[in-house]
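Heads up: the sequence shown at position 59 corresponds to 52 in my numbering, and the numbers run straight through without jumps.
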Amino acid sequence: MVKICCIGAGYVGGPTMAVIALKCPSIEVAVVDISVPRINAWNSDQLPIYEPGLEEVVKQCRGKNLFFSTDVEKHVREANIVFVSVNTPTKTQGLGAGKAADLTYWESAARMIADVSKSDKIVVEKSTVPVKTAEAIEKILMHNSRGINFQILSNPEFLAEGTAINDLFKPDRVLIGGRETPEGMKAIKALKDVYAHWVPEDRILCTNLWSAEVSKLAANAFLAQRISSVNAMSALCEATGADVSQVSHAIGFDSRIGPKFLNASVGFGGSCFQKDILNLVYICECNGLPEVANYWKQVIKVNDYQKTRFVNRVVSSMFNTVSGKKIAILGFAFKKDTGDTRETPAIDVCKGLMGDKARLSIYDPQVPEEHIQRDLQMNKFDWDHPIHLQPTSPSTINQVIVASDAYEATKDSHGVCILTEWDEFKNLDYQKIYNNMQKPAFVFDGRNILDVEKLRKIGFIVYSIGKPLDKWLKDMPAVA
Ligand code: NAD
Ligand code: UDX
């Protein structure tokens, strides 16, 4: 019987292993983590992450062929295939700080695998890692192996949060990279056989190790680049009277460009895009490719510009000051259908508004109050100048309250900012919201989900990313 162990019970490890367990009843899957609260949550009715469809999958397999445990060593020792899905955040200190991936967790997992293993194993890189990590991991495992044979595979994960279960059920592709040796090919086949339980064979792509590692960074860089490209166009649209939705629609009709991932927004967030592009930038710099590094850096710079532009638009529209004004923030997660706030644009936008002394009333259907307060109290990490952290003054936190619904958040406010595209925000009673707000009442739609004409008829002054500006906004000073 094949036994799988996955180290790291996070946003990737948890859902991915739950789907493997569901689709492969003959395989025993253990998901292990050093975090006791996380494992306890996976074993409870309150799963540690919100992901549509996840609960049903976990309930069907947990206790049958899917187990969550903190006994990391036991499950690693017993497994034939060990996935490593630990976090690989951006380094905040030392060499490469602000850009390079921090592989501390990865290395400690690899050393532990070498220490506890008593039989041959396939070790699968599930985390997103710099190219050539497999070589480093191989060295760690081989030098400590006591004669045990380890085969390293790269099997990067392409799921997106909020649609993880669907993405795992019907992946566009599964990518497996391995050594081009007979042992490497055998290992690739063993992992391919796992996915072949539900993924059509022509969607399982096999490559060499380095292509698989680079492909993951490249895919995220290309996706993020589309958003920065359309967001750059949104600024031009606002300046000229073009409508970015019409532009996206028109260019997306070209089958070479395609319609997906062209929604202008307040900026991309999430735990992957910025981190992985910074990592790519660092790898290019280390390989003596400064032009390539600068090219990809620009994708992040445009993203930062888009967030700043949004804050400036809010402030300039409201008579150039939001000091003491109540601003409602609807949505704090980095996208809809997740409670994840890692690198959410809401953090930078809220901090920008707080910098102009606004009072914020924040509501998100899935983000608990303590996470919002924690995120807004954390120092902003400046990736270009990692040594000079910008401290958040403790007093600013008194400027934030967290509301339990959108109506409470918007009551008596001067302006409303939509920062996450939750479906429930599309169907709010905006007449009721308008009646309970200070006048003039502003709406700043950072996700282009609202019906602008309908809101204008109610009486709102509306700003929507990349859309023709209404007269009020045109007359206000230009946004830098
Ligand atoms: P996460 O922080 O949610 O989960 C990582 C887990 O690993 C944590 O629970 C942590 O406690 C655990 N861990 C760390 N060191 C450990 C150790 N030595 N032993 C046991 N457990 C350990 O991270 P995530 O979002 O699941 O991402 C994991 C990896 O997958 C990252 O490299 C990320 O870039 C990549 N990835 C993430 C996504 C996504 O949408 N979140 C998508 C694709 C790829
Ligand atoms: C991303 C990749 O899509 C996924 O393949 C990879 O495995 C992990 O990183 P994720 O970060 O979970 O997934 O979400 P994604 O749907 O890519 O959205 C990222 C950010 O881009 C969000 O803040 C989202 O709101 C924003 N976005 C997305 C836009 O602003 N416009 C778009 O058109 C699409």
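Where is the CB? At the ideal position from N, CA and C, for every residue including glycine. These figures come from a predicted structure and were not determined experimentally.
Under the three-pair Cβ rule at 8 Å, the stretch 396 to 415 counts as touching the stretch 349 to 358.
Leu271 sits buried, since 16 or more C-beta atoms from the chains shown fall within 10 Å of its C-beta.
Glu414 counts as buried, since no fewer than 16 other beta carbons sit within 10 angstroms of its beta carbon. In this structure, the C-beta of Ser78 approaches the ligand NAD to less than 6 Å from one of its heavy atoms. When DSSP assignments are scanned along the stretch 409 to 452, the uninterrupted stretches of alpha helix (DSSP H) that are 4 or more residues long and fall wholly within it turn out to be 423 to 428 and 445 to 451. Under the Cβ criterion (8 Å, minimum of three pairs), the stretch 166 to 173 counts as touching the stretch 138 to 154. Of all alpha-carbon atoms in Gln291, Trp289 and Gly439, the one lying nearest the alpha-carbon of Thr337 is that of Gly439.
The DSSP-derived three-state label of Ser310 is helix. For Phe254, the CB falls within less than 6 Å of some heavy atom of the ligand UDX.
DSSP, read as helix, strand or coil, puts Phe61 in strand. Less than 7 Å divides the Cβ of Arg335 from the Cβ of Ser264. If you ignore the 5 residues before and after Ala399, its C-beta comes within less than 6 Å of the C-beta of Leu323, Tyr356 and Leu421, all in its own chain and listed in chain order. In the three-state reduction of the DSSP assignment, Leu40 falls in the coil class, being assigned neither a helical nor a strand state. Remark: the shortest separation between the CB of Asp26 and any heavy atom of the ligand NAD falls under 6 Å.
Residue pairing of Lys(-4) in beta bridges, as defined by DSSP: Glu21. The distance from the Cβ of Tyr427 to that of Gly452 is about 6 Å, consistent with a contact at the 8 Å cut-off. Judged by beta-carbon spacing, Glu66 lies within the 7 Å limit of Val109, meaning their Cβ atoms are closer than that value. Residue pairing of Val167 in beta bridges, as defined by DSSP: Ile197.
Bounds of any alpha helix (DSSP H) do not take in Ala321; it lies within the beta strand (DSSP E) bounded by Lys319 to Leu323. Ala396 and Trp465 have their C-alpha atoms roughly 29 Å apart. For Glu131, the enclosing alpha helix (DSSP H) stretches over residues Thr126 to His136. A distance criterion of 6 Å places the beta-carbon of Ile322 beyond contact range of the ligand NAD, judged by its closest non-hydrogen atom. DSSP, read as helix, strand or coil, puts Gln392 in helix. Looking at Ile106, Phe151 and Ala157, the one whose alpha-carbon comes closest to that of Met135 is Ile106. Around the beta-carbon of His68, 16 or more other beta-carbon atoms lie within 10 Å, marking it buried. Spatial neighbours of Asn36 in its own chain (CB-CB distance under 7 Å, excluding positions within 5 residues in sequence) are listed in chain order as Phe61. Shown here, Gln144 sits in a strand according to DSSP, grouped into three states. Counting only residues of its own chain and dropping the five nearest sequence neighbours on each side, Val308 has a CB closer than 6 Å to the CB of Val315 and Asp349.
The beta-carbon distance between Gly262 and Leu255, rounded to whole angstroms, is 17 Å. This is too long to meet the 8 Å contact definition.
Gly46 and Asp165 have their C-alpha atoms roughly 19 Å apart.
Between the alpha carbons of Asp297 and Ala102 lies a gap of roughly 34 Å. In the three-state scheme derived from DSSP, where H, G and I count as helix and E and B as strand, Thr85 is classed as coil. Taken atom to atom, the span from the alpha-carbon of Gly177 to that of Ile133 is near 18 Å.
A direct Cα-to-Cα measurement between Val122 and Leu59 gives close to 26 Å. Shortest gap from the CB of Ile181 to any heavy atom of the ligand NAD: 6 Å or more. Contact between the stretch 149 to 160 and the stretch 191 to 201 is absent: fewer than three C-beta pairs spanning the two stretches fall below 8 Å.
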